[in-house]
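Numbering-wise (the working numbering), the sequence shown opens with residue 3 and increments by one.
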Amino acid sequence: MSAKLSIDLVIPIFNEIESIAQTYQDVCAVIDSLPHNFRLIYVDDGSTDGTVDALRKILVNDPRLTLLQLSRNFGHQAALTAGMDASQGDIMISMDGDGQHPPQMIPQMISLIQSGYDIVQTQRMDDDSVSFKKVTSNFFYWLINKISGTQVIQGAADFRAMNRDALNGLRSMREYHRFLRGMISWMGYKSIILPYEEPKRIAGKSKYSLGKMLRLASDAIFSFSLAPLYIGLSAGLLFFILACAQLTYVLTLWLTNNTQQVVPGWSSLMGILLIASGIIMILLGFIGVYVGYIFQEVKRRPIYLIKGQLPNDKE
């Protein structure tokens with residue numbers, strides 16, 4: 003018989019009033035049949051539609067629930083982090099509250115952790131249709147895997163299970179701009195990937211706007227790679243090479259007595275501009291690299307702020 007474990011489900015939510023009751027019922031239908039002690043940690047990321055009131059009503063009848071209220075909308079990654087920091091169980095499972103992470107996979111995820119894996123990651127299996135979001139997502143994963151020192155699986159989701167050791171490792175990483183999929187991949191713990199087909203949302207629409215997706219992509223690129231900083235350095239070197247080539251060309255014309263092809267004042271002006279621009283961009287590139295390293299070390303702002311909490315035990 004499998005050991006009885008303490009398992010925390012971390013569920014970040016933002017304006018999910020239309021789906022919160024159904025997703026709660028779907029999760030309970032699965033965990034109620036399992037021989038483990040479950041705790042449901044809902045993290046409200048600044049909802050304004052009555053989601054918190056709906057959860058309070060559920061909490062009255064289910065002491066397994068904990069509700070964390072963030073002081074404002076800090077973003078999905080910060081809300082996940084808040085829930086992970088509150089987790090105290092043997093296993094932590096994170097999933098979204100919109101019904102697109104199937105709770106039916108929870109038993110298999112637990113079994114894989116029990117079999118020796120530190121992390122169980124999931125991967126969305128998309129259909130063959132072509133869309134703007136899919137094309138840009140594929141390009142993002144290709145780019146981040148090219149320029150970073152880690153490999154993030156295509157279609158990775160924030161639906162995952164982690165044992166206590168892996169979770170403690172993740173919790174020790176306190177950078178402000180967070181890309182959890184990359185951070186988890188970077189840690190190097192023993193992991194396995196579970197593919198799944200993403201069901202449709204129970205209600206409402208995705209809260210992940212284009213702006214939020216761009217911010218997540220920006221956090222991923224700038225947190226995991228210094229490649230953008232080397233663009234200035236590379237451009238500076240290119241300008242310097244062009245300046246040297248231009249001066250060599252002019253010098254050749256002078257040595258071969260073809261000075262009539264040289265526009266008076268043009269060569270000296272362009273040479274000075276190119277050399278100066280090249281040197282300035284090289285210096286800016288070096289400064290940018292140093293600033294990048296400093297930037298990675300001095301992120302000390304809180305990742306999130308909690309304004310209220312309703313604990314497991316009824317008051």
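By construction, the Cβ of each residue, glycine as well, lies at the ideal position given by its N, Cα and C atoms.
Residue i - partner residues in DSSP beta bridges
| i | result |
| --- | --- |
| Tyr232 | DSSP lists no partner for Tyr232. |
| Met189 | DSSP, once it has assigned bridges, lists no residue as partnering Met189. |
| Thr68 | Ile43 |
| Val122 | Ala163 and Ile194 |
| Gly99 | Its beta-bridge partners do not exist; DSSP assigns none. |
| Ser8 | Asn39 |
| Met94 | Asp10 and Met164 |
Simplified DSSP state of residue i, which is helix, strand or coil
| i | result |
| --- | --- |
| Met164 | strand |
| Leu169 | helix |
| Lys316 | Low per-residue confidence applies at Lys316: pLDDT is 43, beneath 50, and the placement is therefore not dependable, though the value from the model is reported in the following sentence. Residue state, collapsed to three classes: coil. |
| Ile305 | coil |
| Asp87 | helix |
| Pro14 | strand |
| Ala158 | strand |
| Met3 | Unreliable placement is indicated for Met3, whose pLDDT of 43 sits below 50; no coordinate value is reported for it. |
| Ser21 | coil |
| Met111 | helix |
| Gly310 | strand |
| Met283 | helix |
| His78 | helix |
| Gly273 | helix |
| Lys59 | helix |
Contact with chain B by residue i, beta-carbon distance below 7 Å
| i | result |
| --- | --- |
| Gly171 | Judged by its chain identifiers, the structure shown contains no chain B, having just a single protein chain. |
Cβ pair residue i, residue j closer than 7 Å
| i | j | result |
| --- | --- | --- |
| Gln110 | Gly157 | no |
| Leu312 | Leu61 | yes |
| Ser93 | Leu11 | First, the amino acid is wrong: residue 93 is Ile here, not Ser. Taking 7 Å as the Cβ cut-off, Ile93 and Leu11 do not qualify as a contacting pair. |
| Asp47 | Ala81 | yes |
| Ser96 | Asp160 | yes |
| Phe242 | Gly280 | yes |
| Arg66 | Phe40 | yes |
| Ile296 | Ala245 | no |
| Ser193 | Ile121 | yes |
| Ile9 | Gly91 | yes |
| Arg183 | Val137 | no |
| Gly238 | Ile284 | yes |
| Gly234 | Leu169 | no |
| Ile149 | Ser236 | no |
| Arg333 | Gln116 | Not covered by the structure: residue 333. The range shown for the chain is 3 to 317. |
| Met127 | Pro197 | yes |
| Ala219 | Phe142 | yes |
| Ala56 | Ile19 | yes |
Proximal residues to residue i (C-beta, below 8 Å), its chain only, five neighbours per side dropped
| i | result |
| --- | --- |
| Leu72 | Val45, Asp46, Asp47, Gly48, Ala80, Ala81, Ala84, Tyr306, Leu307, Ile308 and Lys309 |
| Val54 | Asp46, Leu69 and Gln71 |
| Val32 | Pro105, Gln106, Ile108 and Pro109 |
Contact set for residue i: own chain, Cβ-Cβ below 7 Å, skip 5 residues either direction
| i | result |
| --- | --- |
| Thr50 | Asn17 |
| Asn147 | Gln153 and Val154 |
| Ala229 | Ile149 |
6 Å CB neighbourhood of residue i in its chain, flanking five on each side removed
| i | result |
| --- | --- |
| Tyr232 | none |
| Met189 | Gly171 |
| Leu42 | Leu11, Arg66 and Leu67 |
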